[in-house]
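J.: In terms of our numbering, the sequence shown opens at residue 18 and continues consecutively.
Heads up, the beta-carbon is just placed ideally off N, CA and C, and yes, glycines get one too.
Nothing here was measured: the structure is a model prediction, and the numbers come from that model.
My questions will all concern the structure given below.
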Amino acid sequence: MEILLVIIIGLLYAAGIYMMLRRSLVKLIIGLILLGNGANLLIFLLGKIVKGEPPIIADTEKMLGEIYADPVPQALILTAIVISFGLQAFAIILIKRAYKVVKTDDLDEMNATDEDL
Numbered sequence: 018m019e020i021l022l023v024i025i026i027g028l029l030y031a032a033g034i035y036m037m038l039r040r041s042l043v044k045l046i047i048g049l050i051l052l053g054n055g056a057n058l059l060i061f062l063l064g065k066i067v068k069g070e071p072p073i074i075a076d077t078e079k080m081l082g083e084i085y086a087d088p089v090p091q092a093l094i095l096t097a098i099v100i101s102f103g104l105q106a107f108a109i110i111l112i113k114r115a116y117k118v119v120k121t122d123d124l125d126e127m128n129a130t131d132e133d134l
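This is the structure:
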C-alpha cells in the first residue's frame, strides 16, 4: 500500500510541475492543485498508515495500550486543504480578472501587453 502511495505522490508532483511550466494560467492553477494534493498525500504517508482506534484514554487506564491513529497528520492535512482551497479560489478570481483585461491566458502574451503599457 505504501509503495502505491509513493508512486501516486511522484506522479502528482511530476504532473503538477509539468503543468506549472506551461504558458497557460489555467494549467498553472491545475499544476498548483496537483502539487497540493501530492503534498497532502505525502503528509498522510509520513504519519504512518495504521488501522487503529482514536487516541482516547479510558478513565480506568493511565496510557494507551492499543494501536491508535495519530491525529497530528490528519489535522495538518485538513489545515492544508483549507489553505489550498482559499489560495485556489483567490488565484481563479485573479486569473478571471486578468483574462477580462488582457483577453488571453498565455503568459508570454501577457508580458508583451505589459510592456506596451
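Please return the same chain residues whose Cβ sits closer than 6 Å to the Cβ of I52, not counting the five positions on each side in sequence.
T.: The amino acid at residue 52 is misidentified as Ile; the sequence shows Leu. Within the same chain, L52 has close Cβ partners G33.
J.: State the DSSP-derived secondary structure class of E19, mapped to helix, strand or coil.
T.: Here E19 sits in helix by DSSP.
J.: One question on the structure: do I26 and L58 come within less than 7 Å of each other, judged by their Cβ atoms?
T.: It is a contact, given that the beta carbons lie within the stated cut-off.
J.: On the premise that L29 lies in contact with G55, defined as a C-beta separation below 8 Å, what is that separation, rounded to the nearest angstrom?
T.: Confirmed, about 3 Å.
J.: Quick one: what's got a C-beta closer than 8 Å to P72's C-beta in the same chain, skipping five residues either side?
T.: Once the five neighbours on either side are set aside, the close Cβ partners of P72 are L81, Y85, A86, D87, P88.
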